[in-house]
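Enquirer:
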Amino acid sequence: MIEFSAVSRSYGRKPAVADLDLTIPAGELFALLGPNGAGKTTTIRMLVGLLAPSRGSIRVRGHDVVADPRAAHLHLGYVPDEPTLYEKLTGREFLWFIADMFGMPRSAAAAAIEAQIATFELGAFVDDLAESYSLGMRQRLVFAAALVHDPAVLVLDEPMVGLDPRSMRIVKDMLRQRVGRGMTVFMSTHLLALAEELADRLGIMVHGRLRFLGTVADLRRQVAGSGAAGLEQLYLELTDQVGAAGDPHPAETDR
Amino acid sequence: MSDPSPRCRPLDEAAEARLFWRLRFLSAWATLRGMLRTARLRLALVALLSAIFWATLFALFREAFAFLDSAQLVVAPLLFNSFFSTLMLMVVFSTGILAYAGLYTSREARLLLTLPARPEAVFTHIFREALWFAGWGFILLGSPLLAAFGQVRGAGPAYYLLLLPFMVSFIAIPATIGAMLALLIVAWLPRYRLQATAGAAVAIAAGLGWLAWSALATPGADSLTVPWFEQVLARLEVSQQRLLPSWWLSSGLLEAAAAHGPGAPATLAESARFLAVLVANALALSVAAAALARRLYRTGYSRLSAEIPTKRPPRARRLDTLLAGRGERAAAPVWLLLLKDIRLFRRDVTQWSQLAAFVVLLGFYCLSMRAFHYSGSYAPVVGFLNLSAIGLVLSTFTTKFVFPLVSLEGRRFWILGLLPVRRDEILWSKFVLAAAGTVVPCVALVLTSDAMLRLPAWVAGVHAEAAVGLGAWMPNLRESSAAKIAAGFGGTLALVLGALLVVVVVLATAVPTQLAILASHGQLAGGGWVGILQRLGTWPGVAAGVTVAVAVSAAAAAIPMALGFDAFRRLEP
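Protein chains in written order, with this note's numbering: chain A, 1 to 255; chain W, 1001 to 1573.
(1) Apply the 10 Å Cβ neighbour rule to Leu1470(W) and answer buried if 16 or more other Cβ atoms are within range, or exposed otherwise.
(2) So, does the CB of Met187(A) fall closer than 7 Å to a CB anywhere in chain W?
(3) At the level of alpha carbons, what is the spacing between His63(A) and Ala72(A)?
(4) Any residues in the segment 1010-1021 of chain W with a beta carbon nearer than 7 Å to a beta carbon of chain A? Which ones, in chain order?
(5) Under a CB-based cut-off of 7 Å, is Arg1033(W) close to chain A?
(6) Just to confirm my understanding: we take Ser188(A), look at its own chain, exclude 5 residues before and 5 after, and list those with CB closer than 6 Å. What are they?
(7) Does DSSP classify Thr1538(W) as helix, strand or coil?
(8) Quick one: give me the first and last residue of the alpha helix (DSSP H) that Thr119(A) is part of.
(9) Identify the contact partners of Thr1114(W) in chain A, using a Cβ-Cβ distance below 8 Å as the criterion.
(10) Opposite Val17(A) in the DSSP bridges: which residues?
(11) With distances taken Cα to Cα, identify the nearest neighbour of Trp1188(W) among Leu1032(W), Gly1541(W), Gly1300(W).
(12) Just verifying my parser: in three-state terms, what is the DSSP assignment at Ala1258(W)?
(13) Note down, in chain order, every chain A residue with its Cβ under 7 Å from the Cβ of Leu1111(W).
(14) Who does Ala31(A) pair with in a DSSP beta bridge?
(15) Report whether the distance from the Cβ of Ala1121(W) to the nearest heavy atom of the ligand ADP is below 6 Å.
(16) Could you compute how far the alpha carbon of Ala1555(W) sits from the alpha carbon of Arg1343(W)?
(17) With a Cβ-Cβ cutoff of 7 Å, do Leu1275(W) and Ser1085(W) count as a contact?
(18) Residues in the segment 1289-1304 of chain W with C-beta within 9 Å of chain A's C-beta atoms, listed in sequence order?
(19) By the three-class DSSP mapping on this structure, what secondary structure does Ser1106(W) have?
(20) State the DSSP-derived secondary structure class of Ser57(A), mapped to helix, strand or coil.
(21) Write down the C-beta distance between Leu122(A) and Arg140(A) rounded to the nearest angstrom, noting that I regard them as a contact closer than 8 Å.
(22) What does a CB cutoff of less than 6 Å around Ala1172(W) pick up in its chain, not counting 5 residues either side in sequence?
(23) Name the chain A residues whose beta carbon is nearer than 8 Å to that of Leu1023(W)?
(24) Going by Cα to Cα distance, which pick from Asp150(A), Leu163(A), Ser167(A), Arg211(A) is closest to Val185(A)?
(25) Flag Ser1070(W) as yes if its beta-carbon sits less than 7 Å from any beta-carbon of chain A, otherwise no.
(26) Would you mind reading off the limits of the beta strand (DSSP E) that contains Gly1137(W)?
(27) What does DSSP give as the partner residues of Arg209(A) in its beta bridges?
(28) Assign Arg256(A) to one of two classes, buried (16 or more other C-beta atoms within 10 Å of its C-beta) or exposed (fewer than that).
(29) Within the continuous alpha helix (DSSP H) that includes Tyr1100(W), where are the two ends?
(30) Leaving aside the five residues before and after Ile24(A) along the sequence, list all residues of the same chain whose C-beta is less than 7 Å from its C-beta, in chain order.
(31) State the beta-bridge partners of Glu196(A) as determined by DSSP.
(32) My assumption, with CB atoms under 8 Å, is that Leu163(A) sits in contact with Gly182(A). Please give the rounded CB distance.
(33) Along the chain, where does the alpha helix (DSSP H) containing Leu1268(W) start, and where does it finish?
(34) Quick one: what does DSSP say Asp128(A) is sitting in, helix, strand or coil?
(35) Checking contacts by CB at 7 Å: is Tyr11(A) closer than that to chain W?
(36) Looking at the secondary structure, which residues open and close the alpha helix (DSSP H) in which Asp218(A) lies?
The structure is reproduced here in structure tokens:
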């Protein structure tokens, strides 16, 4: 469903992602973890076609995101780290714009929009201009927009930012439900607990390289083997160890 | 290899274009509705002042064309060609900057590039906005000029009907070229885009300045005399190249204005042919730009991300240290805020490259004043015309650079809001920056241009104060582009008020002075109206004029700043 093949990307001479090989099958929720500047956001921006890899290729359901971005985008839904909306459109108008952009038939779009409004409880404000929304409202609307066309692949960059506990619960339930129906989710997060709760597999990226790839159970086994007190401690040890001996040009910002 | 969700299908080009038009319409309609609901007074004020501005320009241009016709100078073709070719260069540059900001740094572009939209459709959508922002000024300035010309020449209704199509099709050409240059520079020279932009700005300014210098410097002839005009016109022949869109526009409009009597249909047909040439070229360029965007937009967007500088060059670090005084003493809040604004301005190439272009242009203009020769009672008129020209340039300058200062704080406003400084101090810091940025270059230019250019430094100060005040009165904290803020609602008001201030100040001082000079030469005698003019043309009349100018200027500075302070204290971002 998603294939990273020997993907590298640098900013000037600074490597942000190096030799990433990763395949995520249909119906899997994959969580990418890592400290600030690890290369998570760069990986996601390459996946959604905003950045081209310096080397290697990325495919979404077989479509190369650089060579054929439109075909790849038809399968993608994307929730960015900063929710972007048109301030002078209402939430409903924005959802219609997205549905129309994906070429949905009118009746299917209308039904999907109503379903998303209900799922994310947008009804109270969906007909107001987006300029009046709080961060949480924006984030919920962006989720609804990313899902309105029922994508096969959902890409999430720090998805819980700005959400209240109830909204977080809604998102988590929705993700598990969709993944159960075959959707692939690629999620970047700083929250270890979130990855532990939701992810089928997780990767830990440090200085642009994938240092751990496996299931939560694999990570737990590593915890047991390493003598660490818990996942968090192992995560910190893993990243600290690599940070001390690793890349001579560590990234300074999370890009 | 696989099909998308059965509910999705890729849009064809026409459907995609309709969708983007709908998006633009909905946003514009919501903006207009919001303004009508919450800012009717402001809207009415801007409309009224724009109408006055337009009418004043129309009257001035009409008098100028009537004067030129009465002197039997065949000047219109050259004047139009020079004006439109100069404007063409400026639109190339300004649209290039606007397109760059919209295509590569806006959040909208980042959103649209993650959707299944064609890159050329995204380009066209964003370019249209840049075209609008770059083109409205041309329409505002060009329409009174062309309408006045039509009236003086007794043009028929067809001329006025053709004005808008001519102007729109013309402006689309340099605007598209500017956007294409932005695409090419980012795709091919992402690392040197700043240098390329700044270099282009200074080169255009220097080129225009050289043209003005070489055209106006006419040794041996007194300025504003018929031989002087003839020499100037001869040197402006260079602007009449037949391959330039400005020539097609000028020729088409001149034909339309000359459509009288039995030969009118043929003349109008000739005009329509020029319009067709403009439209065809605009459309051809738009196709070329779309093809370029298809190949280069995504690539350029990605390459640009790889070139974001993460370290300041050593020279910049030294400048920062110097300005900060090495942090050895606790600085006043106003100075600290000022320092921040200087750094932000210095690092925003789209801002300082335009400033550089302005200063170079003004420099050439002032230097060219040395080459003028004046005699008799025209000399003071030229002095006041200089004052008007510099004042109008200054209005544009303060609108473009000073008015957006408060709005540019945008979403970062909470940082200022939480600082232990009074809001008045924030506004004063903006004023100090603006005043320094306008008074210092203006005084320098005045000194450079000898005593010929009589721009009082306080006019610059008043402009800066009014622009800061208006900027604080009607900030737009959601917009991150300075150019769009300046071209918006409040910026238009600042521009119009600034220009009106120049007109009032110049008229209040120039009219009595000129009348006094004419009276002293015995050229003002008679009863009735002339009697009133005689009384005005005395030295007490001159003193009264100066008093009125100073009073109006003081009000123009104080009222916007007071409004700005009041609104800024209550501002809830």
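Think of the CB as a built atom: it goes at the ideal place given N, C-alpha and C, for glycine as much as any other residue.
Expert: Working from what's here:
(1) Numbered from 1 along the second sequence, position 470 holds the residue referred to as residue 1470(W). Its pLDDT being 49, under 50, Leu1470(W) is placed unreliably in this model, and the value from its coordinates should be taken loosely. With 16 or more Cβ atoms within 10 Å of its Cβ, Leu1470(W) is classed as buried.
(2) Counted from its first residue, the first sequence places residue 187(A) at position 187. Taking a beta-carbon distance threshold of 7 Å, Met187(A) does not count as an interface residue toward chain W.
(3) For the purposes of this step, residue 63(A) is identified with residue 63 of the first sequence, where counting begins at 1. For the purposes of this step, residue 72(A) is identified with residue 72 of the first sequence, where counting begins at 1. Taking the straight line joining both Cα atoms gives about 5 Å.
(4) Listed in sequence order: Pro1010, Leu1011, Leu1019.
(5) Residue mapping note: residue 1033(W) aligns to position 33 of the second sequence, counting from 1. By this cut-off, Arg1033(W) is not an interface position.
(6) Here the question's residue 188(A) lines up with position 188 in the first sequence. The residues are Leu32, Lys40, Ile44, Asp157.
(7) Within the second sequence, residue 1538(W) is the residue found at index 538, counting from 1. Residue state, collapsed to three classes: coil.
(8) Taking the first residue of the first sequence as 1, we reach residue 119(A) at position 119. Unbroken alpha helix (DSSP H) run through Thr119(A): 106-119.
(9) Here residue 1114(W) is taken as the residue at index 114 of the second sequence, counted from 1. Chain order gives the chain A residues near Thr1114(W) as Val48, Gly49, Leu50, His73, Leu76, Tyr78, Pro80, where near means a beta carbon separation below 8 Å.
(10) Within the first sequence, the letter at position 17 stands for residue 17(A). Under the DSSP definition of a beta bridge, Val17(A) partners with Arg9(A).
(11) What you label residue 1188(W) is simply residue 188 of the second sequence in a count that begins at 1. Comparing alpha-carbon positions, the option among Leu1032(W), Gly1541(W), Gly1300(W) lying closest to Trp1188(W) turns out to be Gly1300(W).
(12) As a first step, residue 1258(W) must be located in the second sequence, where it is residue number 258. Ala1258(W) falls in the coil class under three-state DSSP.
(13) Residue numbering aside, residue 1111(W) sits at position 111 when the second sequence is read from its first letter. Within chain A, the residues placing a beta-carbon under 7 Å from that of Leu1111(W) are Thr84, ordered along the chain.
(14) Translated into positions along the first sequence, residue 31(A) becomes position 31. Ala31(A) pairs with Met187(A), Leu202(A).
(15) For the ligand ADP, the structure offers nothing, since it holds no ligand at all.
(16) In the second sequence, residue 1555(W) corresponds to position 555, counting from 1. In the second sequence, residue 1343(W) corresponds to position 343, counting from 1. About 32 Å.
(17) Translated into positions along the second sequence, residue 1275(W) becomes position 275. Translated into positions along the second sequence, residue 1085(W) becomes position 85. Contact: no.
(18) The segment 1289-1304 of chain W vs chain A, Cβ under 9 Å: Arg1298, Thr1299, Tyr1301, Ser1302, Arg1303.
(19) Position 106 of the second sequence, counted from the first residue, corresponds to residue 1106(W). Looking at Ser1106(W) - three-state DSSP - the assignment turns out to be coil, as it is neither helix nor strand.
(20) Along the first sequence, read from residue 1 onward, the residue named residue 57(A) stands at position 57. Three-state result, Ser57(A): strand.
(21) For the purposes of this step, residue 122(A) is taken as residue 122 along the first sequence, with counting starting at 1. For the purposes of this step, residue 140(A) is taken as residue 140 along the first sequence, with counting starting at 1. At roughly 6 Å, the Cβ-Cβ gap stays under 8 Å, so Leu122(A) and Arg140(A) are in contact.
(22) The residue you call residue 1172(W) lines up with position 172 of the second sequence. Correct list, in chain order: Ala1282.
(23) Counted from its first residue, the second sequence places residue 1023(W) at position 23. Against chain A, a Cβ distance below 8 Å from Leu1023(W) picks out Tyr86, Leu89, Phe97.
(24) Taking the first residue of the first sequence as 1, we reach residue 185(A) at position 185. When only C-alpha atoms are compared, the closest one is Asp150(A).
(25) Numbered from its first residue, the second sequence carries residue 1070(W) at position 70. Output row for Ser1070(W): interface = no.
(26) In the second sequence, counting from the first residue as 1, residue 1137(W) sits at position 137. It is not in any beta strand (DSSP E) - Gly1137(W) instead sits in the alpha helix (DSSP H) that spans 1119-1152.
(27) Within the first sequence, numbered from 1, the residue matching residue 209(A) stands at position 209. As a beta-bridge residue in DSSP terms, Arg209(A) pairs with Val206(A).
(28) Only positions 1 to 255 of chain A appear in this structure, which leaves residue 256(A) out of reach.
(29) Counted from its first residue, the second sequence places residue 1100(W) at position 100. Note, Tyr1100(W): alpha helix (DSSP H), 1076-1100.
(30) Translated into the one-based positions of the first sequence, residue 24(A) becomes position 24. In the same chain as Ile24(A), and ignoring 5 residues on each side of it, the C-beta atoms closer than 7 Å to its own belong to Met1, Ile2, Phe30, Thr184, Phe186, in chain order.
(31) Residue numbering aside, residue 196(A) sits at position 196 when the first sequence is read from its first letter. According to DSSP, which records beta bridges pairwise, Glu196(A) is partnered with nothing at all.
(32) Taking the first residue of the first sequence as 1, we reach residue 163(A) at position 163. Taking the first residue of the first sequence as 1, we reach residue 182(A) at position 182. Leu163(A) to Gly182(A), Cβ: 25 Å. No contact.
(33) What you label residue 1268(W) is simply residue 268 of the second sequence in a count that begins at 1. Segment 1264-1305, the alpha helix (DSSP H) holding Leu1268(W).
(34) Taking the first sequence and counting its residues from 1, one reaches residue 128(A) at position 128. Reduced to three states, the DSSP call for Asp128(A) is coil.
(35) Residue numbering aside, residue 11(A) sits at position 11 when the first sequence is read from its first letter. Taking Cβ atoms only, chain W reaches closer than 7 Å to Tyr11(A), which makes this a yes.
(36) What you label residue 218(A) is simply residue 218 of the first sequence in a count that begins at 1. Run containing Asp218(A): 216-226, per the alpha helix (DSSP H) assignment.
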